[in-house]
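Q:
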Amino acid sequence: MWEEAGPGRWRRDDGYLLRVGDRLIELHMHDGPGGDTCTVHVYVEGVQPEAQRLMDLGLILPQQSTGSPLDGHHATATRDGLPSPTDDDAAWRLLQAIALED
Amino acid sequence: MAVPVIPTFGTNEVPSSSKLAALTTALAYALNPPRVTASRTGAQSIPNGAVTAISLDSTTFVSATGSGMFTPTSTTISLVDPGGYTIAGGVTFANNATGARMVLLYANGSEIPGGGTFAAGSAGDVQRQSAATGVSGASGDTFLLQVYQTSGGALAVTNSRLTVSRESGA
Numbered sequence: 001m002w003e004e005a006g007p008g009r010w011r012r013d014d015g016y017l018l019r020v021g022d023r024l025i026e027l028h029m030h031d032g033p034g035g036d037t038c039t040v041h042v043y044v045e046g047v048q049p050e051a052q053r054l055m056d057l058g059l060i061l062p063q064q065s066t067g068s069p070l071d072g073h074h075a076t077a078t079r080d081g082l083p084s085p086t087d088d089d090a091a092w093r094l095l096q097a098i099a100l101e102d
Numbered sequence: 103m104a105v106p107v108i109p110t111f112g113t114n115e116v117p118s119s120s121k122l123a124a125l126t127t128a129l130a131y132a133l134n135p136p137r138v139t140a141s142r143t144g145a146q147s148i149p150n151g152a153v154t155a156i157s158l159d160s161t162t163f164v165s166a167t168g169s170g171m172f173t174p175t176s177t178t179i180s181l182v183d184p185g186g187y188t189i190a191g192g193v194t195f196a197n198n199a200t201g202a203r204m205v206l207l208y209a210n211g212s213e214i215p216g217g218g219t220f221a222a223g224s225a226g227d228v229q230r231q232s233a234a235t236g237v238s239g240a241s242g243d244t245f246l247l248q249v250y251q252t253s254g255g256a257l258a259v260t261n262s263r264l265t266v267s268r269e270s271g272a
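In order, the protein sequences belong to chains W and D.
Numbered according to the working numbering, the first sequence terminates at residue 102, and the numbering increases by one at each position without gaps.
Numbered according to the working numbering, the second sequence terminates at residue 272, and the numbering increases by one at each position without gaps.
1) How would you list, in chain order, the residues of chain D whose beta-carbon sits under 8 Å from the beta-carbon of W:R112?
2) Check the Cβ of W:G21 against every Cβ in chain D and list those closer than 9 Å, keeping chain order.
3) Could you pull the DSSP bridge partners for W:G15 from this structure?
4) According to DSSP, which residues form a beta bridge with D:I189?
5) So, helix, strand or coil for D:L247, using DSSP?
6) For D:L206, which residues in the same chain have their Cβ closer than 6 Å to its Cβ, ignoring the five residues on either side in sequence?
7) Would the region 216 to 232 of chain D count as touching the region 192 to 199 of chain D if we require 3 or more Cβ pairs under 8 Å?
8) With a 10 Å radius around its C-beta and 16 neighbouring C-beta atoms as the bar for buried, classify W:Q64 as buried or exposed.
9) Anything in chain B within Cβ reach of D:S169, meaning under 9 Å, just list it in chain order.
10) I want to know whether the region 39 to 50 of chain W touches the region 75 to 92 of chain W - three or more CB-CB distances under 8 Å.
11) Between D:L129, D:T113, D:P109 and D:M103, which lies nearest to D:S120 when the distance is taken from Cα to Cα?
12) Check D:R142 in the structure and name its three-state DSSP category.
13) For D:G223 versus D:N150, is the C-beta spacing smaller than 8 Å?
14) With DSSP collapsed to three states, give me the class of W:I98.
15) Just to confirm, are D:F245 and D:V259 a CB contact at a threshold of 8 Å?
16) Is the region 232 to 242 of chain D in contact with the region 168 to 186 of chain D, if contact means three or more CB pairs nearer than 8 Å?
17) Give a yes or no on whether the minimum CB-CB distance between D:T252 and chain W is below 8 Å.
18) Under a three-way DSSP split, which group does D:G112 fall into?
19) Would you identify the three-state DSSP class for W:D80, choosing helix, strand or coil?
20) Please return the same chain residues whose Cβ sits closer than 6 Å to the Cβ of D:R137, not counting the five positions on each side in sequence.
21) From this set, W:P85, W:L70, W:L94 and W:L59, which residue's C-alpha is nearest D:P215's C-alpha?
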């Protein structure tokens, strides 16, 4: 579950979430080879066209509210294999840097 | 490789060496049909609420007649020979009890009817899900293993694997 960590910022045990304008940028740390890399996903509001098509076909259910800031959003970009930040400050700096690049 | 043609023999025909060689090739193909199992060695981060293709980075198994069907790293396995194929894939979702999980098999960019599984997230342990179906495929057809999850944040999947195996002629 996400916990607020400041204006437009959320934190949970395996990640960070930053709101920049109408985008949400998530840093996800997960156990990969070596366990020292992370992935960043960029989300925008709305349903992904591919997911909408599957919903129209009745293959998946509409996204239910999970109480997450990401409810009603879908990923439009992913950057994988980034070095995991060493602390909270490094994580927020990485997210802000990606927000500027994206 | 191309699907071998089984030679025919007339009554009292003395088999030529070329026909016997063609028969040997056809038998070898039948005993060792095209089959590829591609997998991913590490975790992949799956974003919330987005259908996402699994990126397969290693070849777990490829039969002698299955060369050319998969080159890592790729999300797709492609058919070289037409025929009836079984498509099977599965992943392990990280432990999380929120939202839904789906494993989807795609052919040429579209979900294969019946080629998916849907389940609620389960608590307490990782969650394994797989799907399998059959298709009649043509040369150049592509197959994907896709996943979808609504846990409220990104979720890791591990042990991802996709198999495409020829079972019959077209």
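Even for Gly, the Cβ is constructed at its ideal location relative to N, Cα and C.
A: In short:
1) Coverage of chain W is limited to positions 1 through 102, which leaves residue 112 of chain W absent and any answer about it impossible.
2) If you number the first sequence from 1, residue 21 of chain W lands on position 21. Within chain D, no residue comes near W:G21; the closest Cβ sits about 18 Å away, beyond 9 Å.
3) Taking the first sequence and counting its residues from 1, one reaches residue 15 of chain W at position 15. Paired residue(s): W:R12 and W:H28.
4) Walking along the second sequence from the start, residue 189 of chain D turns up at place 87. Answer by DSSP bridge pairing, in chain order: D:T235 and D:V266.
5) Residue numbering aside, residue 247 of chain D sits at position 145 when the second sequence is read from its first letter. If DSSP states are grouped into helix, strand and coil, D:L247 belongs with the strands.
6) Walking along the second sequence from the start, residue 206 of chain D turns up at place 104. Around D:L206, the same chain offers E213, G218 and Q248 as residues with beta carbons nearer than 6 Å, after the five sequence neighbours per side are excluded.
7) yes
8) Numbered from its first residue, the first sequence carries residue 64 of chain W at position 64. Exposed, since its Cβ has fewer than 16 Cβ neighbours within 10 Å.
9) Reference to chain B is not applicable here, since the protein chains of this structure are W and D.
10) yes
11) Numbered from its first residue, the second sequence carries residue 120 of chain D at position 18. Here the closest residue by C-alpha is D:P109.
12) For this step, residue 142 of chain D is matched to residue 40 along the second sequence. DSSP places D:R142 outside both helix and strand once states are collapsed to three, so it counts as coil.
13) Translated into the one-based positions of the second sequence, residue 223 of chain D becomes position 121. Translated into the one-based positions of the second sequence, residue 150 of chain D becomes position 48. No, these two residues do not count as a Cβ contact at 8 Å.
14) Taking the first residue of the first sequence as position 1, residue 98 of chain W is located at position 98. Helix.
15) One-based indexing of the second sequence puts residue 245 of chain D at position 143. One-based indexing of the second sequence puts residue 259 of chain D at position 157. No, these two residues do not count as a Cβ contact at 8 Å.
16) yes
17) Taking the first residue of the second sequence as position 1, residue 252 of chain D is located at position 150. Taking Cβ atoms only, chain W reaches closer than 8 Å to D:T252, which makes this a yes.
18) As a working mapping, residue 112 of chain D is identified with position 10 in the second sequence. In the three-state DSSP reduction, D:G112 falls in the coil class, being neither helix nor strand.
19) For the purposes of this step, residue 80 of chain W is taken as residue 80 along the first sequence, with counting starting at 1. Strand, per DSSP.
20) Along the second sequence, one-based indexing puts residue 137 of chain D at 35. Closer than 6 Å at the Cβ level, and outside the excluded window around D:R137, lie S165, G168 and S267.
21) On the second sequence, residue 215 of chain D is found 113 positions in, with the first residue counted as 1. Cα-wise, what sits closest to D:P215 is W:L59.
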